[in-house]
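*Asks:* Here's a structure for you.
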Amino acid sequence: MKIIDVHTHIFPEKIAAKATGHISEFYDTPICYNADVQTLLQRMDANGITGSIVFSAATTVEQVTHINDFLHRTVTENNQKLLGFFTLHPHMKETALADEFQRAVSMGFKGIKLHPDFQKFAIDDPAAFPIYELAQQNGVPILFHTGDNRFAYSNPHRLAQIMQLFPHLTVIGAHFGGWSEWDEAVEVLAKTENLFFDTSSTRAFIPIETIRKSVHAFGADRLLFGTDFPMWDAEDELPFIDRLGLHESEKEKVLCANACNLLGIEL
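Put into structure tokens, the structure is as follows:
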């Protein structure tokens with residue numbers, strides 16, 4: 003069975019160790035692997051992952067073009083294995099934002115990754131609306147980090163408001179729609195159209211019965227497999243998918259078919 007991992011983070015080799023350390027500190031969670039592309043490729047091969055979506059969030063406006071250039075080079079050099087989501091920042095000037103959006107789309111990126119908690123903006127902050135408008139108009143999906151009960155940036159109810167304001171925007175809500183806020187995610191996001199959910203960074207935090215409630219509420223047609231590399235590895239995340247109680251046809255959708263259909267991927 004072909005497998006697509008829709009949620010992986012990579013950094014240039016010279017800063018990968020430092021960046022990985024920052025992620026570990028932010029979530030107070032040990033990380034076993036370095037977030038460089040060679041390690042990702044090795045782990046993909048070891049676990050039979052066919053392709054991965056790679057990204058990195060710009061925490062400042064000045065980082066945006068540099069990160070997108072790095073991601074484009076990396077994806078181009080590994081185009082049999084990797085696809086990219088580009089980064090933007092809500093504090094960019096509108097003209098620069100539009101120019102970078104079009105540049106990134108022309109380079110073949112498949113979507114946008116935004117991490118409100120790292121980038122320090124609320125999902126429903128009007129400053130981010132120009133990004134959503136561009137994405138909606140051009141049919142470009144956005145993958146949001148969603149949920150963190152320590153902060154107020156990416157709570158599921160904020161995403162629900164955006165989905166109402168931008169009804170034709172396609173969104174992937176990471177971590178079953180709300181890391182550490184899974185009950186709220188089911189309550190406010192389950193009936194939302196154009197909204198998909200990835201499976202990353204959930205297995206280690208809540209009982210499997212609670213996760214199965216999310217699976218039932220969202221449906222297999224809207225779930226996408228993700229590891230959140232380097233936080234977690236497919237060696238542990240793939241057996242987790244086996245425990246969700248899915249039929250084989252549903253599991254195939256989660257592991258590959260849904261991502262292929264959503265992103266226009268041919269394997």
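In the numbering used here, the protein residues as written are 3 to 269.
Cβ atoms here follow ideal geometry from the backbone N, Cα and C, with glycine treated the same way.
Quick caveat, the model's predicted, so the values are computed rather than measured.
1. If you follow the beta strand (DSSP E) that Phe198 is in, where does it begin and where does it stop?
2. Could you tell me the distance, in whole angstroms, from the CA atom of Lys4 to the CA atom of Lys115?
3. Once the 5 residues before and after Val107 are set aside, which same chain residues still bring their CB inside 7 Å of it?
4. Locate the alpha helix (DSSP H) running through Phe123, then write down its first and last residues.
5. What is the C-beta distance between Leu43 and Lys83, in whole angstroms, given that I count them as a contact (C-beta under 8 Å)?
6. Are the CB atoms of Ala222 and Val188 within a distance shorter than 9 Å?
7. On a Cα-Cα basis, can you pick out the residue from Val173, Ile213, Ile164 and Leu225 that is closest to Ser182?
8. Go ahead and pull the three-state DSSP assignment for Thr22.
9. Going by DSSP in three states, Lys115 sits in which element: helix, strand or coil?
10. Can you give, in chain order, each stretch of the beta strand (DSSP E) that sits fully within the region 175–263 and has at least 3 residues?
11. What first and last residue would you give for the beta strand (DSSP E) that runs through Asp7?
12. Taking DSSP as the reference, what is the three-state secondary structure of Ile69?
13. Which class does Val142 belong to by DSSP, given the choice of helix, strand or coil?
14. Where do the ends of the alpha helix (DSSP H) carrying Val39 lie?
15. Shortest alpha-carbon distance to Glu186 belongs to which of Ala261, Phe220 and His74?
*Replies:* With the given structure in hand:
1. Leu197 to Asp200
2. 23 Å
3. Asn140 and Val142
4. Premise fails: Phe123 is in no alpha helix (DSSP H) and is neither H nor E.
5. 6 Å
6. no
7. Ile213
8. helix
9. strand
10. Here the runs fully enclosed are 197–200.
11. Ile6 to His11
12. helix
13. coil
14. Element bounds for Val39: Val39 to Asn49.
15. Phe220
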